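>
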Amino acid sequence: MVRVCDWLNLPFFFFAGCKMAAESVSLFTAIGLSEQKARETLKNEALSALLRDAVIQAQAVLGPTVDKVTGTLLYNVASHLKDPKRLGFLVRYITSKKISTDQQLNAALDYVKSHPLDPISTADFEKECGVGVTVTPEEIEEAVEAVINRYKAQLQLERYHFNMGLLMGEARSKLKWADGKIIKNEVDLQVLHLLGPKTDADLEKKPKVPKQRVETEKKAELVENGEVKLETPSLMEQLRGEALKFHKPGENYKTEGYVVTPNTMNLMKKHLEITGGQVRTRFPPEPNGILHIGHAKAINFNFGYAKANNGICFLRYDDTNPEKEEEKYFTAIRDMVEWLGYKPYAVTHASDNFGQLYEWAVELIKRGHAYACHQKVDEIKGHNPPPSPWRDRPVEESLLLFEGMKKGKFAEGEVTLRMKLVMEDGKMDPVAYRIKYTPHHRTGDQWCIYPTYDYTHCLCDSIEHITHSLCTKEFQARRSSYFWLCNALDVYCPVQWEYGRLNLTYTVVSKRKIIKLVETGAVRDWDDPRLFTLTALRRRGFPAEAINNFCARVGVTVAQTTMEPHLLEACVRDVLNETAPRVMAVLEPLKVTITNFPAAGALEVSVPNFPADESKGFHKVPFSSAIFIEQSDFREVMEKGYKRLTPDQPVGLRHSGYVISVQHIVKDATGKVTELEVTCTKSDASTKPKAFIHWVSDPLLCEVRLYERLFLHKNPEDPSEVPGGFLSDLNPESMQTIHNALVDQSVKNAKVLDKFQFERLGYFSVDPDSTEEKMVFNRTVTLKEDPGKV
């Protein structure tokens, strides 16, 4: 309960604010807003201030009562207009009814956005916005009739289950300035005239299409010159989400937060002359480690977005820290980009621009935007470091010190060059240049000062005329500094777009942590198949196509995405099922002797490479009286539900056409079964067994490595889940090596990274450790997800 004395003690501006709020609510309801909507609008100060001005200007012309259509247009102007200076101009067109539809207003907003500084040409503006254009009822009738005739057969077939929105969309594209309601009425009228009133069948809900049929329809067959082709989704359909919001080349200034300077439009014009309006992206890795699964998303997004828009993508190495960069990383990065199927338009380096970047740094100092600073690294860490006492030192002094840095007159850490700005995350005056007495892999000892990411990245983007600088969400705090630096130097300013990074559970991808895993012997190297680096995934046998498909399924959103490894493995199975030929292998061999083998020597059996599609060919395997089967495919004592070989239950041998029955069991001194003696009979309808098992005869002795997850917990880096740290969470059974596996002879000429399906066992790939004496196979994935795995 508020006492009278409490009211008396309230400041004057409290009552003034209440009065203004009440007046604003009254203003907003006068243009058709509900009282609730009006109060919600007041919560947004910028919107309510602009709307208040728009309504006052409109009432000066129309009087206190503003019709609902005009009111809606005024609200939309206030909601979407970025430049308040254009408000009066647009309000005049709305109140005079020259702009009277949403289509016209959207065109008007686009026009003023694209002419932020120019005087507006009334003739051009009115032409772009359809001012004075009249669409007659006859024109609407003719346009709708043309659209309906185009889909007439499909309409008569599907009747009212047809997607009427398609008709509306095409009619509106022909009649840009027509009233949408009038077009809809005309569509409804002509459809009714064609089909007649709705029947009971028309009123029934359209049955759901089975998922399998939907997938089939997505791959609709197209017959072209007698050849059947499959239609697949476009890259833009795969790169859904954030990519649909991106600006068009040359329309950078339409992006939220983009700063327009007096020279912006001139720079944009020159940019378009150089690029021809082409989309340009770049993939900018640091060459200080191996790429991982998260980089695969970045590669797909950068190269894929450019490809989907007939653009180009640069591979640009961010080689500004010579202490951590090695030639092997440069080679591996390009290798992985090309393995994923992308060819860079050009391979560039940040170091290509060291000369230009230095000249711009000098210019930045001269313009008063940078200064030489003596604060130590530890002093400027964190979000709220103390201001530099050298922030306002004379320009001439900073120029001399910066030249001294370049000439090697100072020790490392003694002087840095810092930029005068505060970033979104509170970081003040980021470092632009630091001293490092480490030879660079490309420039040698030419430089002892190197630019930072904060300084280099946007300027390299500007030099390469990048249109869309795509980066992960953690760089959002650098967006304003990105724009600031380009504008401070008055150079072409690209647009930075952020998206959520891709993470996987049960793994670590940090370079520092992978190095620890290697150093402690937990993994062999960066390409150990238990890791999720791209080199490791390739070595394990993951096809590049599967990784790209996985990235496409994940899509592109602002939110960080954390996926389970089995979702990636599912994509791998989809690809390998169609591309990995079937062979037979036995991992835990049990010898079987066929006592009544039907031939004096070995027979030859034809095995289909892909049993579901025998047109893809066959390979031959020997079949003799001595074969080997899996130990798990035999049990001495029959158990309920067991369908494989027992003394009382015969089984078929895959692809051979024979059924075997146990006659005698051979054991060693410990009672372990070492051999089975069996008889065989020809398989036919009367002797069809309950199951078929795989086998090998005269096989190759191989090594097989079976992999499980490297870590026991989903989030090995989370202290709440793993208090002892990720090194304490290692799965002791993450790799099992089988030294005496047997594989059929058809693989003997396989090359490194060739892939096969070992029937009933999983998908396997030839490892680089293979020699002429012994082949080594990595299990890529099992045939289906194992719900019992760690």
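Under this note's numbering, the residues of the sequence shown are numbered 1 to 790, in order.
Even for Gly, the Cβ is constructed at its ideal location relative to N, Cα and C.
These numbers were taken from a predicted model, which means no experiment stands behind them.
Opposite M419 in the DSSP bridges: which residues?
Answer is A370.
> How would you label R587, buried or exposed, when you count the other beta carbons within 10 angstroms and need 16 or more for buried?
Residue 587 is actually Leu in this sequence, not Arg. It counts as buried.
> Mapping the DSSP letters down to three states, classify W497 as helix, strand or coil.
DSSP places W497 in strand when its eight states are reduced to three.
> For the stretch 490-501 against the stretch 250-265, are there 3 or more C-beta pairs whose distance is under 8 Å?
Because the criterion of three Cβ pairs below 8 Å is met, the stretch 490-501 and the stretch 250-265 touch.
> Have a look at Y658, G657, R654 and H664 and flag the residue whose alpha-carbon is nearest the alpha-carbon of D648.
That would be H664, whose Cα lies nearest to the Cα of D648.
> When the Cα of M164 is compared with those of Q190, I140, E141 and T467, which residue comes out closest?
Out of Q190, I140, E141 and T467, Q190 has the C-alpha closest to the C-alpha of M164.
> Is it the case that the Cβ atoms of L504 and T557 are separated by a distance below 9 Å?
The answer is no: Cβ separation not under 9 Å.
> Quick check: the Cα distance between V25 and L73, rounded to an integer number of angstroms?
Computed Cα separation, rounded: 18 Å.
> According to DSSP, simplified to helix, strand and coil, what is H80?
The answer is helix: DSSP assigns H80 an H, G or I state.
> Using the C-alpha atoms, what's the distance from S388 back to Y358?
Taking the straight line from one Cα to the other gives about 22 Å.
> Does the distance from the C-beta atom of K755 to that of L576 stay below 9 Å?
It is a contact, given that the beta carbons lie within the stated cut-off.
> Using the Cα positions of R635 and N596, report the straight-line distance between them to the nearest angstrom.
In a straight line, the C-alpha of R635 is about 22 Å away from that of N596.
> Opposite Y258 in the DSSP bridges: which residues?
None, per the DSSP bridge assignment.
> DSSP puts V621 in a beta bridge; with which residues?
V605, per the DSSP bridge assignment.
> By a C-beta neighbour count over all protein chains shown, 10 Å radius and 16 as the cutoff for buried, is E323 buried or exposed?
Result: exposed.
> By DSSP's criteria, I594 is part of a beta bridge. Which residues make up the other side?
Note: I594 sits in a beta bridge opposite V678.
> How far does the beta strand (DSSP E) with Q663 in it reach, from first residue to last?
Y658 to K667 is the extent of the beta strand (DSSP E) around Q663.
> Let's test the definition: count the other Cβ atoms within 10 Å of the Cβ of P787 and tell me whether it reaches 16, buried, or not, exposed.
Unreliable positioning characterises P787 in this predicted model, as indicated by a pLDDT of 46, which lies under 50. A coordinate reading is not provided.
> Could I get the ranges of all uninterrupted alpha helix (DSSP H) runs contained in the stretch 103-165, with 4 residues as the minimum, in chain order?
Listed in chain order, the complete alpha helix (DSSP H) runs (minimum 4 residues) inside the stretch 103-165 are 122-129, 137-150 and 152-158.
> Need the endpoints of the beta strand (DSSP E) that M813 sits in, please.
It is not possible to answer for residue 813, since the shown part of the chain is limited to 1 through 790.
> Let me make sure I understand the geometry here. Which of E519, E474 and R524 has the alpha-carbon closest to that of R501?
Ranking E519, E474 and R524 by Cα distance to R501 puts E474 first.
> Report the rounded CA-to-CA distance for C702 versus D767, giving the unit in angstroms.
Straight-line Cα distance between these residues: approximately 11 Å.
> So, with DSSP's three-state summary, where would you put G355?
Reduced to three states, the DSSP call for G355 is helix.
> Just to check my reading of the structure: W695 and F628 have Cβ atoms closer than 8 Å, yes? What is that Cβ distance to the nearest angstrom?
With 8 Å as the limit, W695 and F628 qualify as a contact, their Cβ atoms being about 6 Å apart.
> Does the stretch 518-536 come into contact with the stretch 737-745, if we say contact requires no fewer than three beta-carbon pairs (one atom in each stretch) closer than 8 Å?
No, because fewer than three Cβ pairs between the stretch 518-536 and the stretch 737-745 fall closer than 8 Å, the two stretches do not touch.
> Go through its chain and collect everything with a Cβ distance to I99's Cβ below 8 Å, but skip five positions before and after it.
L73, L90, Y93, L105, A108, C129 and V131, listed in sequence order.
> Shortest alpha-carbon distance to N487 belongs to which of V508, I515, T507 and C458?
Comparing Cα-Cα distances from N487 to each of V508, I515, T507 and C458, the minimum goes to C458.
> Beta-carbon within less than 6 Å of K511's beta-carbon, same chain only, minus the 5 sequence neighbours each way: which residues are those?
Only G289 meet the Cβ criterion.
> Spell out the partners DSSP gives R705 in its beta bridges.
According to DSSP, R705 bridges with T737 and N778.
> Have a look at G541 and M775 and give me their C-alpha separation to the nearest angstrom.
Rounded to whole angstroms, G541 to M775 spans 15 Å at the Cα level.
> Should R280 and R316 be called a contact, given that it needs their Cβ atoms to be closer than 9 Å?
Contact flag unset, no.
> H739 CB to nearest chain B CB: under 9 Å?
Checking the listed chains, one finds no chain B in this structure; it contains a single protein chain.
> Per DSSP, what kind of secondary structure is S469 in: helix, strand or coil?
Here S469 sits in strand by DSSP.
> Excluding the 5 residues preceding and the 5 following A659 in the sequence, name in chain order all residues of the same chain whose CB lies nearer than 6 Å to its CB.
Sequence inspection shows Val at residue 659; the Ala mentioned does not correspond to that position. These residues qualify, in order along the chain: P650, G652, T681, S683, T687 and P689.
> I believe L534 touches H292 by the beta-carbon criterion, under 8 Å. Please report the beta-carbon distance rounded to the nearest angstrom.
The Cβ separation is near 6 Å, so the contact holds.
> Between the Cα of L195 and the Cα atoms of D179, A178, A171 and K152, which residue gives the shortest distance?
Answer by Cα proximity: K152.
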